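Beneath this line is the structure, given in structure tokens, with notes to follow.
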Ligand SMILES: [Zn+2]
């Protein structure tokens, strides 16, 4: 059971009264970070991701297109910060779409993915160097990367500050880190649709900046993915980790988010609105991504549903 706030080590939490399939959502009264008090621990999590995640098991064309839309939003957010020759490590790279795109821009890529089907697809079909390991087991050289990415990974971690600190050791001085996570500043239609057993933490742009600062990074810029409104953050390796008082500038009022969750869970039209706008946005981003990057990824045209 996670009782202590990951950002400020405070134990004074506010319960959201959002419970479903064993989850128990709480928020820190000091910094506003929201988490599931009954979150999966590291061992449970590793077994889950190795075997059960991504129920469709194989990688089909519909899934690849959806991941292309996600990865193209990352590439476009990073823009000129992506440069040929950089060494890029994608942690939790899944089927490797982001790495396949950064490789076409001349980056030297490496992936880590514990999901067996996905890491196999990345290696066998895309010929990407992907290790089926977690960050702490991977034989990677310290201070050897220019860019790290965690796309929809950090919300699943049990000790995000510790994991990001480990990742920081792999970066060269002034190295960059990209993080993307679901956004609490969106409609929150109840536990089944927003709060989910597989997500341990729930972030806003504020709490994500506070988190990376505590792990030894300086936030550079924040954006929101055109595909699903996820928070996008670019940060730079800093010399030291920030103290709890240093990150107080990014404090959220947790009472606001609890009130929002309670208000919105009784409004079923929000779910409809969310699904509808997301479906349209995802469709739009898929088409755009296919037009821009489709020719660069030949396996998109040979994989079927
Ligand atoms: Zn806190």
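Numbering (my numbering), first residue to last: 463 to 767.
Glycine included, each C-beta is placed from N, C-alpha and C at the ideal position.
The model shown is predicted, which means the values in this text are computed figures rather than measured ones.
Out of 715, 675, 468, 479, point me to the one whose CA is closest to residue 724's CA.
-> 479
On the three-state DSSP scale, how would you describe residue 482?
-> DSSP places residue 482 in the strand class (E or B) of the three-state scheme.
Assign residue 518 to buried or exposed, taking buried as 16 or more other Cβ atoms, counted over all protein chains shown, within 10 Å of its Cβ.
-> With a pLDDT of only 47 at residue 518, under the threshold of 50, the placement of this residue in the model should not be trusted; the figure read from the coordinates follows. By the neighbour-count rule (16 or more Cβ atoms within 10 Å), residue 518 is not buried but exposed.
What residues sit near ligand 1, counting only those whose C-beta is closer than 6 Å to one of its heavy atoms, in chain order?
-> 467, 469, 470, 472, 490, 492, 493, 495
Please list, in chain order, all residues of the same chain as residue 581 whose beta carbon is under 7 Å from its beta carbon, the five residues on each side excluded.
-> 575, 592, 594
Which residue's Cα is closest to the Cα of residue 660: 507, 496, 737?
-> 507
Thinking residue 613 and residue 674 are a contact (beta carbons under 8 Å), I'd like their distance in whole angstroms, please.
-> With 8 Å as the limit, residue 613 and residue 674 do not qualify as a contact, their Cβ atoms being about 14 Å apart.
If we ignore side chains and look at the alpha-carbon of each, how far apart do residue 545 and residue 564 end up?
-> 9 Å
Does the region 737 to 753 touch the region 661 to 670, meaning 3 or more C-beta pairs lie closer than 8 Å?
-> No contact exists between the region 661 to 670 and the region 737 to 753.
Helix, strand or coil at residue 447 according to DSSP, with G and I counted as helix = The chain is shown only over 463 to 767; residue 447 falls outside these bounds and no answer can be derived.
Under 6 Å Cβ to Cβ from residue 609, same chain only, skipping five residues before and after it: list those, please.
-> Only residues of its own chain outside the window of five on either side were considered, and among them 548, 550, 638 have a CB closer than 6 Å to the CB of residue 609, listed in chain order.
Runs of alpha helix (DSSP H) wholly within the region 640 to 715 (minimum 4 residues, chain order) | As summarised for the region 640 to 715, the continuous alpha helix (DSSP H) elements at least 4 residues long and confined to that stretch are 652 to 655, 667 to 676, given in chain order.
When DSSP labels each residue in this structure, what does residue 517 get in the three-state scheme?
-> With a pLDDT of 48 at residue 517, under the threshold of 50, the predicted position of this residue should be treated as unreliable, and no value is reported.
Report buried or exposed for residue 469, applying the criterion of at least 16 other Cβ atoms within 10 angstroms of its Cβ.
-> buried
Close Cβ partners of residue 552 (< 6 Å) along its chain, the five nearest in sequence each way excluded | Setting aside the 5 residues that flank it on each side, residue 552 is surrounded in the same chain by 560, 561, 573, 611, each with a C-beta closer than 6 Å to its C-beta; the list follows chain order.
Give the secondary structure of residue 491 by DSSP, where H, G and I count as helix, E and B as strand, and everything else as coil.
-> coil
Over what stretch of residues does the beta strand (DSSP E) that includes residue 570 continue unbroken?
-> That run of the beta strand (DSSP E) goes 570 to 574.
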